[in-house]
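Numbering (my numbering), first residue to last: 1 to 199.
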């Protein structure tokens with residue numbers, strides 16, 4: 001039994017890797033006969049795109065299909081809404097905002113695993129991706145355009161830097177010392193009682 005030789009080609013399916021200059025490769029096998037009609041065949045392959053540029057990292061592994069081997073599309077069950085096609089769990093407009101900010105700031109994305117209790121016995125685990133600016137972790141902004149995201153990220157960054165630069169709060173007062181300050185005789189009588197052997 002012979003296995004079909006896999007063919008590797010480049011594609012332009014997702015926008016973010018294109019902007020970053022990270023190549024998207026599709027590896028596919030020649031289609032089966034039943035996938036072909038008299039004039040067209042359905043090709044299916046695995047798209048991969050991995051790499052980091054200007055502080056933004058992407059990692060794609062997505063099944064794609066094509067009818068002409070030139071235009072590839074993500075399969076319906078893997079397809080996300082366009083505003084979330086960002087190579088992870090950040091939205092496209094947030095990725096675009098980070099791209100714009102990367103000229104002036106050191107930007108990136110941080111990932112955290114979140115576990116939520118759903119009902120009595122069930123827990124759901126999902127990942128959150130949020131922007132990082134100059135090492136400061138921020139929450140992912142709720143914005144509709146890249147311009148809005150840039151503005152909100154800068155506001156959040158400024159607010160967080162100001163918060164980090166504030167002096168730490170004073171430690172809470174010692175309750176025993178506070179009590180003795182209000183009632184000095186408590187300390188005096190207790191210590192004098194101990195010293196005299198009476199208690």
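Cβ coordinates follow ideal geometry from the N, Cα and C atoms, glycine included.
Quick caveat, the model's predicted, so the values are computed rather than measured.
Judged by DSSP in its simplified three-state form, residue 131 adopts strand.
The Cβ atoms of residue 94 and residue 110 lie no closer than 8 Å to each other. As for any alpha helix (DSSP H) of minimum length 4 sitting wholly inside the stretch 128-167, the runs are 146-165, ordered along the chain. In this structure, the alpha-carbon of residue 67 lies about 33 Å from that of residue 144.
For the pair residue 96 and residue 53, the Cα-to-Cα distance works out to about 13 Å. In the three-state DSSP reduction, residue 19 falls in the helix class (H, G or I). Taking 8 Å as the cut-off, the beta carbon of residue 63 is found closer than this to the beta carbon of residue 46. Under the three-state reduction of DSSP output, residue 183 falls in the coil class, being neither helix nor strand.
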